[in-house]
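Enquirer: In terms of numbering that gives the first Met the number 0, the sequence shown has 199 at position 200, counting the first letter as 1, and numbering is strictly consecutive.
Heads up, the beta-carbon is just placed ideally off N, CA and C, and yes, glycines get one too.
Handing you this structure, nothing more for now.
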Amino acid sequence: MSHKYNVPHLYQRSTNFATHYTKHFMNILLLGGGGREHALSWKLSQSPLCKELFIAPGNGGTSQCGTNLPFSVTDFEAIKATCIRETIDLIVVGPEDPLVAGIVDFLKAQPELPNLMIIGPSAEAAQLEGSKAYAKAFMQRHGIPTAGYREFTKESLLQGIEYLRTCALPIVLKADGLAAGKGVLICSTHDEAINEFTEMISHQKFGAASAKVVVEDFLDGIELSVFALTDGKDYVLLPEAKDYKRIGEGDTGLNTGGMGAISPVPFADETFMQKIITKIVEPTIKGLQAEALDYKGFVFFGLIKVGDEPMVIEYNCRMGDPETEVVIPRIQSDLVEILVATAKQKLHGITIEHDPGFAATIMAVSGGYPGDYKKGAAINGLQQTLPENTLLFHAGTAQRGDEVVTAGGRVLCVTSLDTSLNAAIKNSKEVLSGIDYEGKYFRSDIGYEFSPLSPGGGT
Ligand code: AMP
Ligand code: GLY
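Written out as structure tokens, the structure reads:
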């Protein structure tokens with residue numbers, strides 16, 4: 000196995016794919032419709048290898064990069080029919096739902112699609128995200144640092160309650176299955192933990208996802224997101240990022256899908272990144288291989304720095320959102336070439352070039368999000384001329400006649416690249432200030448731990 004993390008200023012080697020495969024023009028299908036998919040479609044469509052790009056279902060921004068197709072990411076028959084009709088060469092799966100539901104296995108089993116290249120793990124490997132208990136057991140088997148834990152179901156409810164009484168506070172409860180990012184509760188008293196635990200298991204607080212609950216030790220530290228592309232044998236690291244999950248400034252209030260992100264992460268210096276590679280990334284890739292798990296795709300390591308040590312909070316089997324909106328714009332190499340090398344198990348020797356500067360993205364959301372919010376508000380200011388090195392990615396938007404309207408909680412985000420984090424944040428805020436829709440809200444303190452910019456004026 001070769002590891003390929005390079006600190007940005009050393010990251011100058013060029014990629015040479017000519018020896019790996021014959022170049023040909025490709026039709027690409029990207030599944031998803033968020034800011035992540037707008038950033039991916041923006042990048043994929045720039046590749047000289049990309050003939051036609053389709054995005055299903057896409058959003059008001061992805062339609063500028065390719066053709067939106069109006070079906071859901073879990074409509075496997077529609078996906079298969081599109082792959083056949085449009086002679087798709089490469090399919091990239093954005094979100095986790097179709098992966099956990101088995102889209103990769105389904106497509107591989109179609110005799111009509113013998114040469115389709117697929118970016119995403121098999122259903123079994125996607126359990127690294129789809130089941131917290133599966134991920135914890137995998138980490139234990141491979142000596143990957145993570146919080147101590149126990150798992151409980153209806154049958155072991157009483158043992159669970161007894162165990163909770165003995166736990167140090169706070170106590171972390173996690174629904175085992177996918178719960179749209181809402182399945183983790185951090186309880187500050189034993190009574191609260193016991194109530195929530197009972198709600199989860201006995202009253203299906205998170206539906207079937209909480210039929211099993213993982214009780215985890217609380218880790219105190221600062222989080223970051225690390226990304227790799229693996230072909231199941233080798234991997235390349237992508238730039239790391241930090242996202243801001245809470246709705247309120249200073250990391251207060253409810254959890255959201257993500258209110259902004261920065262990359263690189265100032266505290267992730269070379270020494271710390273090397274620890275992440277040695278203790279987490281490489282044992283994970285070796286573990287996938289040792290267990291013969293079919294994984295050709297993105298691995299998202301949700302990490303926390305405790306003291307000087309990295310630990311895994313979670314795995315995801317896809318890219319992060321909004322991390323993608325800062326990671327992808329920093330990548331200078333041709334993403335299609337790298338994805339083809341991934342699908343063909345030819346990542347060995349491949350390196351990625353990326354911009355050594357900073358990227359910051361700030362997400363504008365609908366008023367009320369992550370609770371109830373209105374949709375259908377007209378968005379003004381999208382036609383403004385963007386400064387150089389600034390990108391506007393749509394998330395929850397839709398085209399309504401000539402207008403672009405809000406169609407989700409996270410509406411759009413603005414990413415800026417600059418030599419300093421401050422400048423990148425300032426540019427993104429300025430562009431966001433020129434965009435208007437009813438109920439617009441954004442956090443004006445993205446990157447606050449690392450930037451002296453003062454918060455304020457976020458609405
Ligand atoms: P997850 O869905 O596993 O990423 O958890 C959501 C969020 O809960 C994480 O981003 C952390 O902020 C927090 N979290 C999860 N597990 C722990 C833990 N063991 N200790 C502290 N915070 C945690
Ligand atoms: N930003 C966190 C995630 O995509 O899960």
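(1) Which complete alpha helix (DSSP H) runs does the stretch 127 to 202 hold, if anything under 4 residues is left out?
(2) Give me, in chain order, the residues of the same chain whose beta-carbon lies closer than 6 Å to that of His-141; leave out the 5 immediate sequence neighbours on both sides.
(3) Got a sec? Which residues, its chain only, sit under 6 Å from Lys-304 by beta carbon, not counting five neighbours each side?
(4) Which runs of the beta strand (DSSP E) at least 3 residues long sit entirely within the stretch 372 to 431? Give them in chain order.
(5) Between the alpha carbons of Val-235 and Thr-350, how many angstroms are there, rounded?
(6) With a threshold of 8 Å between beta carbons, is Thr-360 in contact with chain B?
(7) Are there 16 or more other CB atoms within 10 angstroms of the CB of Lys-50, so buried, or fewer, so exposed?
(8) Which residue from Leu-390, Leu-106, Val-171 puts its Cα closest to that of Arg-217?
(9) Examine ligand 1 and report whether any of its heavy atoms sits within less than 7 Å of the Cβ of Ile-312.
(10) Are Gly-259 and Met-362 touching if we call contact CB-CB under 8 Å?
(11) So for Asp-96, helix, strand or coil by DSSP?
(12) Quick check: the stretch 194 to 213 against the stretch 399 to 419, are at least 3 beta-carbon pairs closer than 8 Å?
(13) Could you tell me which uninterrupted beta strand (DSSP E) segments, each at least 3 residues in length, are contained entirely in the stretch 12 to 72, listed from first to last along the chain?
(14) Along the chain, where does the beta strand (DSSP E) that runs through Phe-299 open and close?
(15) Determine which residues share a DSSP beta bridge with Pro-212 and list them.
(16) Any heavy atom of ligand 1 closer than 7 Å to the Cβ of Gly-249?
(17) To which residues does DSSP link Ala-77 through a beta bridge?
(18) Ligand 1 and Gly-206: does the residue's C-beta get closer than 7 Å to at least one heavy atom of that ligand?
(19) Identify which residue in Ala-291, Leu-163, Ser-46, Gly-249 has its Cα closest to the Cα of Arg-442.
(20) So, does the stretch 91 to 111 touch the stretch 27 to 35, judging by three or more C-beta pairs under 8 Å?
(21) Compute the Euclidean distance between the alpha carbons of Trp-41 and Ser-155, then round it to the nearest angstrom.
(22) Helix, strand or coil: how does DSSP classify Glu-313 here?
(23) Could you tell me if Phe-53 is buried or exposed, where buried requires 16 or more neighbouring beta carbons within 10 angstroms of its beta carbon?
(24) Suppose you measure from the CA of Ile-434 to the CA of Ala-394; what does that come to, to the nearest Å?
(25) Do the stretch 143 to 160 and the stretch 340 to 349 make contact, defined as three or more Cβ pairs closer than 8 Å?
(26) Using 8 Å as the threshold, is the C-beta distance between Pro-418 and Gly-356 below it?
(27) In the structure shown, what three-state DSSP assignment does Asp-104 receive?
(28) Leaving aside the five residues before and after Phe-266 along the sequence, list all residues of the same chain whose C-beta is less than 7 Å from its C-beta, in chain order.
(29) Going by Cα to Cα distance, which pick from Ala-289, Gly-400, Ala-359 is closest to Lys-428?
(30) Does the beta-carbon distance from Val-298 to Tyr-314 come in below 8 Å?
(31) Taking only three categories from DSSP, how would you classify Gly-438?
(32) In three-state DSSP terms, what is Val-235?
(33) Output needed for Ser-420: all residues of its chain with C-beta closer than 8 Å, excluding positions within five of it in sequence on either side, in chain order.
(34) Given a threshold of 16 other Cβ atoms within 10 Å of its Cβ, counted over all protein chains shown, does Lys-439 qualify as buried or as exposed?
(35) Give the straight-line distance between the Cα atoms of Lys-343 and Leu-48, rounded to the nearest whole angstrom.
(36) Would you mind giving the Cβ-Cβ distance between Val-477 and Leu-43, rounded to the nearest angstrom? I have them listed as a contact below 8 Å.
Expert: The answer reads as follows:
(1) 131 to 140, 156 to 165, 189 to 201
(2) In the sequence shown, the residue the question calls residue 141 occupies position 142. For His-141, where only same-chain residues beyond five positions count, the Cβ hits under 6 Å are Pro-282, Gly-286.
(3) Position 305 of the sequence shown, counted from the first residue, corresponds to residue 304. Within the same chain, Lys-304 has close Cβ partners Gly-220, Ile-221.
(4) 389 to 393, 396 to 399, 402 to 405, 409 to 417
(5) For the purposes of this step, residue 235 is identified with residue 236 of the sequence shown, where counting begins at 1. For the purposes of this step, residue 350 is identified with residue 351 of the sequence shown, where counting begins at 1. Taking the straight line from one Cα to the other gives about 7 Å.
(6) This model lacks chain B altogether; it includes just one protein chain.
(7) Sequence index remark: in the sequence shown, residue 50 carries index 51 (1-based). Exposed: under 16 other Cβ atoms inside 10 Å.
(8) Position 218 of the sequence shown, counted from the start, is the residue given in the question as residue 217. Before going on, a small fix: residue 217 reads as Phe here, not Arg. It is Val-171.
(9) For this step, residue 312 is matched to residue 313 along the sequence shown. Yes, Cβ of Ile-312 sits closer than 7 Å to a heavy atom of ligand 1.
(10) Here residue 259 is taken as the residue at index 260 of the sequence shown, counted from 1. Here residue 362 is taken as the residue at index 363 of the sequence shown, counted from 1. Going by C-beta atoms, Gly-259 is nearer than 8 Å to Met-362.
(11) By one-based count along the sequence shown, residue 96 stands at place 97. Reduced to three states, the DSSP call for Asp-96 is helix.
(12) no
(13) 25 to 31, 49 to 56
(14) Along the sequence shown, read from residue 1 onward, the residue named residue 299 stands at position 300. Looking at the DSSP string, the run of the beta strand (DSSP E) that includes Phe-299 is 294 to 305.
(15) Counting from 1 along the sequence shown, the entry for residue 212 is found at position 213. The amino acid at residue 212 is misidentified as Pro; the sequence shows Val. Answer by DSSP bridge pairing, in chain order: Phe-151, Ala-174.
(16) Walking along the sequence shown from the start, residue 249 turns up at place 250. Result no, Cβ not under 7 Å from ligand 1.
(17) Looking up residue 77 in the sequence shown gives position 78. DSSP, once it has assigned bridges, lists no residue as partnering Ala-77.
(18) The count along the sequence shown starts at 1 and reaches residue 206 at position 207. Answer for Gly-206: no, Cβ out of range of ligand 1.
(19) Taking the first residue of the sequence shown as position 1, residue 442 is located at position 443. Answer by Cα proximity: Gly-249.
(20) yes
(21) The residue labelled residue 41 in the question sits at position 42 within the sequence shown. The residue labelled residue 155 in the question sits at position 156 within the sequence shown. Approximately 49 Å, taken between the alpha carbons.
(22) For the purposes of this step, residue 313 is taken as residue 314 along the sequence shown, with counting starting at 1. Three-state DSSP puts Glu-313 in a strand.
(23) By 1-based counting over the sequence shown, the position of residue 53 is 54. Phe-53 is buried by the Cβ-count criterion.
(24) For the purposes of this step, residue 434 is identified with residue 435 of the sequence shown, where counting begins at 1. For the purposes of this step, residue 394 is identified with residue 395 of the sequence shown, where counting begins at 1. Taking the straight line from one Cα to the other gives about 14 Å.
(25) no
(26) One-based indexing of the sequence shown puts residue 418 at position 419. One-based indexing of the sequence shown puts residue 356 at position 357. Rather than Pro, the amino acid found at residue 418 in this sequence is Thr. Yes, the pair counts as a contact, with Cβ atoms nearer than the cut-off.
(27) For this step, residue 104 is matched to residue 105 along the sequence shown. The answer is helix: DSSP assigns Asp-104 an H, G or I state.
(28) In the sequence shown, the residue the question calls residue 266 occupies position 267. Only Ile-221, Lys-304 meet the Cβ criterion.
(29) Position 429 of the sequence shown, counted from the start, is the residue given in the question as residue 428. The shortest Cα separation from Lys-428 among Ala-289, Gly-400, Ala-359 belongs to Ala-359.
(30) Reading the sequence shown from its first residue, position 299 is the one you call residue 298. Reading the sequence shown from its first residue, position 315 is the one you call residue 314. In this structure, Tyr-314 lies closer than 8 Å to Val-298 by Cβ.
(31) Taking the sequence shown and counting its residues from 1, the one referred to as residue 438 is at position 439. If DSSP states are grouped into helix, strand and coil, Gly-438 belongs with coil.
(32) Your numbering for residue 235 matches position 236 in the sequence shown. Correct three-state label for Val-235: strand.
(33) Counted from its first residue, the sequence shown places residue 420 at position 421. Note on residue identity: the sequence assigns Leu, not Ser, to residue 420. If we look at Leu-420 and ignore the five residues flanking it on each side, its Cβ neighbours are Ile-261, Pro-265, Phe-357, Ala-359, Gly-446, Phe-449, Ser-450.
(34) As a working note, residue 439 is residue 440 in the sequence shown. With 16 or more Cβ atoms within 10 Å of its Cβ, Lys-439 is classed as buried.
(35) Counting from one through the sequence shown, the residue named residue 343 turns up at place 344. Counting from one through the sequence shown, the residue named residue 48 turns up at place 49. Going by the C-alpha atoms only, they are around 16 Å apart.
(36) With the chain running from 0 to 458 in the structure shown, residue 477 is simply not present.
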